[in-house]
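To keep things clear, I will list the structure first and then write my remarks on it.
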Amino acid sequence: MYDRWIHAAVIILIFFGSIMVVSTSVGMSAQSPNIVRNTIIKQVLFLIISYFAMVKVARVFQVWLRNKNFLQVLDVIGVLVAALLVFVVLFSTPVNGAKSWIQLPGGLGTIQPSEFAKAFLIVYMGVNIYHIGPQRKTLMQIIFRPTFFFIVFALLIIAQPDFGTIVVLTMIFLICNIVPSHFKLSGIQTLCKIALGCIVVGLAFSMTHFGITVLEKLLGADNYQLARFINADNPFTQIFGTGYNLTYSLYAIANGGITGLGLGQSAQKYGYLPEAETDFILPVTIEELGLFGLLVIVIGYGIILYRLFYFAKRAADDGTRMILVGTAVYLSIHFILNVGGVSAFLPLTGVPLLFISSGGSSLLSIMVLMGVCQSIISLIRRQRKRVLR
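Just so we're aligned: the sequence shown equals residues 643 to 1031 in the working numbering.
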């Protein structure tokens, strides 16, 4: 009793994304002759592992959810994720100023533990409130464990530092806390709403000329985080400096127009646009497939988000509702930050476009969450079917 609309949208997005990842790899073939073959092999491997994980989790999550010891198992998993983040901070090699990846042997790619932290936090918060239910526990008993993991993850991600991930993790934590109807959480929920408002207002203020001037005084003129706000305001002031990536991203989008240049015909992926297969895969997609390529992604995301919120409204308990909403927030924030970043509406954050960008960690994380959501949807449908009988 899973949702076929979500399943179809996921399949279309991951295959569409794989085609674009392979297409972008052609741009690196001059430096690495075997890059296209290796990319196809890695992408197929990622798809098989991620799809198997989604299906497996979808079949067993209902059983795990009902197990009273499941939260203790998640505690262990949370500690392991935190240990990976510690390892990244202490021992990994910085890339673009951030320590966010663990290099796998044999050229198999990298692992980004912070992606697992996002997915874990969503599931953990939902399972925690599911097992608490309407019980009259103290506020500290309700929020202590998820808040503890959030703080630990946040501090370790700040130490990397990874601005985009900390924004996503914080938004997930705040919005998920607003979902439950537990009477003990009303005060915390008010604080979370205020914090969300402050984040939105602060980001909007930081995008103004006056806000950038204030940030420059606070952070210093040479701060690389400040450069992201300056480039979002006008990337053409630093075309051959910090605004290089964003400038060529806009060139790619402009070149694509309505119909695009044709699959494989992007010019910017040939050394002009760094990280074309990850953070900047959307500009290459638009350059090759135009508005139609963008519509495939927007429609796929729209179907998944609509169905997640549709079933969240029909969930019988706060815990499963929190997981569905948290997954929708995870998808939405990634989409907004990535699309806004590569089009200069928002500062660049290095956040991947889920299902589309290359990367085994992000694909595995979102596919596992899709499996969790499908299991919950099946549970909701069975419960409603019993009520109708």
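Glycine included, every Cβ here is placed at the ideal spot set by N, Cα and C.
Subject >> Thr855 (DSSP reduced to helix, strand or coil) >> reply: The three-state reading of DSSP puts Thr855 in helix, counting H, G and I together.
Original post:
Looking at C-beta atoms only, is the number of pairs between the stretch 704 to 711 and the stretch 677 to 692 that lie closer than 8 angstroms three or more?
Top reply: no
Subject >> Three CB pairs or more closer than 8 angstroms across the stretch 761 to 769 and the stretch 1010 to 1020 >> reply: yes
Original post:
Counting pairs of beta carbons, one from the stretch 785 to 795 and one from the stretch 832 to 839, are three or more of them closer than 8 angstroms?
Top reply: no
Original post:
Just reading off the alpha helix (DSSP H) that His773 is part of, what are its end residues?
Top reply: Pro755 to Ile774
Original post:
Expressed to the nearest angstrom, what Euclidean distance is found between the alpha-carbon atoms of Ala672 and Tyr912?
Top reply: 9 angstroms
Original post:
Hey, quick one: how far does the alpha helix (DSSP H) through Trp706 stretch, first residue to last?
Top reply: Ile677 to Arg708
**OP:** Starting from Thr889, follow the alpha helix (DSSP H) in both directions and report where the run begins and ends.
**Re:** Tyr886 to Gly898
**OP:** Pick out whichever of Ala724, Thr991, Met696 and Ala970 has its Cα sitting closest to the Cα of Asn980.
**Re:** Thr991
Original post:
Roughly how many angstroms separate the alpha carbons of Tyr866 and Met643, rounded to a whole number?
Top reply: 49 angstroms
**OP:** Kindly list the residues whose CB is nearer than 6 angstroms to the CB of Leu726, restricted to its own chain and excluding five residues on each side of it in sequence; keep chain order.
**Re:** Pro755
Original post:
Can you list, in chain order, the residues of its chain whose CB lies under 8 angstroms from that of Leu988, leaving out five sequence neighbours each side?
Top reply: Leu845, Met849, Ala874, Ile978, Leu979 and Gly982
**OP:** Indicate whether Leu946 and Gly935 have their beta-carbon atoms separated by less than 8 angstroms.
**Re:** The sequence as given places Ile at residue 946; Leu does not occur at that position. Result no, Cβ atoms of Ile946 and Gly935 do not sit closer than 8 angstroms.
Original post:
Whose C-beta lies closer than 6 angstroms to the C-beta of Ile799 among residues of the same chain, with five residues either side of it excluded?
Top reply: Hits under 6 angstroms: Ser756, Thr807 and Ile808.
Subject >> Alpha-carbon spacing of Ile1022 relative to Phe758, whole angstroms >> reply: 26 angstroms
**OP:** Would you identify the three-state DSSP class for Ala957, choosing helix, strand or coil?
**Re:** coil
**OP:** Please check the pair Leu781 and Phe997, which I expect to be a contact at CB under 8 angstroms, by giving their CB distance rounded to whole angstroms.
**Re:** With 8 angstroms as the limit, Leu781 and Phe997 do not qualify as a contact, their Cβ atoms being about 37 angstroms apart.
**OP:** Specify, as a first and last residue, the run of the alpha helix (DSSP H) that Trp647 falls within.
**Re:** Unbroken alpha helix (DSSP H) run through Trp647: Arg646 to Ser667.
Original post:
Are the Cβ atoms of Val731 and Ala801 separated by less than 8 angstroms?
Top reply: yes
**OP:** Classify Asn711 as buried or exposed, calling it buried when 16 or more other Cβ atoms lie within 10 Å of its own Cβ.
**Re:** exposed
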